[in-house]
Amino acid sequence: QIHKHSIPANIAERCLINPEQYQAQYQQSVTEPDAFWGEQGKILDWIKPYTRVKNTSFAPGNISIKWYEDGTLNLAANCLDRHLAERGDQTAIIWEGDDASQSKNITYRELHRDVCRFANVLLDLGIKKGDVVAIYMPMVPEAAVAMLA
């Protein structure tokens with residue numbers, strides 16, 4: 025059974041969109057996925073902009089789903105770097121362990137510092153662009169640091 029709960033007013037007033045706008049965007053995502061995801065792609069900073077939103081094939085033996093395949097972006101720059109100037113001291117990660125008494129808030133500036141440190145560790149180990157690095161970690165803030173580095 026599904027129980028619906030109202031959104032508290034203090035949270036609703038800080039939302040970026042209202043329920044009607046959400047429904048309109050959802051409907052567009054279903055009925056016009058190329059147009060919808062084309063607009064969403066514009067939110068990101070692209071090194072080389074994409075010209076095709078998606079390329080899909082569901083043919084038997086040839087299932088393929090590719091998004092923005094001819095574009096190039098830097099994930100770390102989009103997740104972290106572009107937020108430093110205006111949001112450097114705002115929280116980027118809120119982490120809570122299995123024990124609720126274990127929690128941590130990390131700002132964009134702190135996250136950037138840690139990512140740069142770990143990226144330098146990888147460089148010192150001889151890791152270079154194009155190398156494959158496996159990350160096997162629990163869901164802790166350091167996992168985000170490793171992925172962004």
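Add 24 to the 1-based position in the sequence shown for this note's numbering, that's all there is to it.
All C-beta atoms in this analysis are idealised placements derived from N, C-alpha and C, irrespective of residue type, glycine included.
- Spanning the alpha carbons of Y74 and N34 requires a straight line of approximately 38 angstroms.
- Checking the DSSP bridge columns, you'll see I87 partnered with F82.
- S88 places its beta carbon less than 8 angstroms from that of T80.
- In the three-state DSSP reduction, S53 falls in the helix class (H, G or I).
- Under the criterion of beta carbons closer than 8 angstroms, W119 and V164 qualify as touching, at roughly 7 angstroms.
- Here DSSP, grouped into helix, strand and coil, assigns L97 to strand.
- When DSSP states are grouped into helix, strand and coil, N129 belongs to the strand group.
- Bridge partners of I118 according to DSSP: N129.
- Looking only at L172, R133, N129, the smallest Cα-Cα distance to E110 is reached by R133.
- Ranked by Cα distance from T115, the first of H136, V157, L146, G150 is H136.
- Taking every protein chain shown into account, the CB of Y92 has 16 or more other CB atoms within 10 angstroms, so this residue is buried.
- Residue state for I35 is assigned as helix, using DSSP reduced to three classes.
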